[in-house]
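Numbering (the UniProt record's numbering), first residue to last: 1 to 195. Data block below; observations after.
What follows is the structure, encoded as structure tokens:
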């Protein structure tokens with residue numbers, strides 16, 4: 001009869017199984033905490049006022065609903081003018097307030113008033129270009145031209161993920177369908193490695 005090496009090492013000489021210690025409780029507790037996702041994550045949306053008429057008059061409600069569907073508790077949806085200082089101030093306020101995600105809507109084109117990427121870059125500690133690339137790629141696939149041509153960026157400010165979305169209804173809907181797994185992964189990493 002063939003026995004695997006593991007079977008033989010677990011048996012006493014008389015064929016009985018050895019008494020094995022159970023798994024280390026501290027190890028299991030630590031492993032569980034590492035994989036645990038906070039029950040609620042907070043988000044804030046910054047709608048750049050003169051760039052979102054394309055998203056419709058209900059842009060704020062749509063963004064809040066999409067964030068809620070992505071398992072975020074929405075602290076607020078705020079409107080700001082397309083000025084770097086106002087966009088930056090809204091992002092900084094959200095970061096200081098401890099939100100997990102800030103999404104800016106609009107202001108990512110090539111026009112003279114498109115200031116969201118520049119304002120966002122000023123507050124980021126690290127760039128995460130893969131998120132913005134994924135948004136452009138999925139935007140192109142769904143036909144949202146403004147998403148595909150977006151100069152939007154993404155990154156980390158403190159413990160907050162910050163992402164720029166294009167302002168059309170299609171770009172916002174597609175972006176909010178693409179973002180959740182990426183953002184939740186980043187938030188998990190931030191929580192896992194915070195000091």
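Here a beta-carbon is modelled for each residue, glycine too, at the ideal position from N, C-alpha and C.
Check                                                                                                          : Outcome
Presumed contact (8 Å Cβ cut-off) between residue 42 and residue 100, rounded CB distance                      : 5 Å
Residue burial classification, residue 37 (beta-carbon count within 10 angstroms, cutoff 16)                   : Note that residue 37 scores a pLDDT of 47, beneath 50, so its modelled location is shaky; the value from the coordinates is reported in the next line. Answer is exposed; the Cβ neighbour count stays below 16.
Proximity of residue 132 and residue 139 at Cβ, strictly below 8 Å                                             : no
Inside the UniProt domain "MoaB/Mog" (45 to 185) only - beta strand (DSSP E) runs reaching at least 3 residues : 72 to 80, 101 to 105, 154 to 157 and 160 to 165
According to DSSP, residues forming a beta bridge with residue 43                                              : 74 and 101
For residue 80 and residue 48, believed in contact at Cβ under 8 Å, the rounded distance                       : 6 Å
Residues near residue 123 in its chain [Cβ-Cβ closer than 8 Å; skip 5 each side]                               : 88, 91, 92, 95, 157 and 162
Contact check, residue 144 vs residue 166, beta carbons under 8 Å                                              : yes
Separation of residue 25 from residue 6, as counted between CA atoms                                           : Because the pLDDT at residue 6 is just 43, under 50, the model does not fix this residue reliably, and the point stays unresolved.
Buried versus exposed, by CB contacts within 10 Å (16 or more), residue 154                                    : buried
Cα-Cα separation between residue 45 and residue 135, rounded to whole angstroms                                : 16 Å
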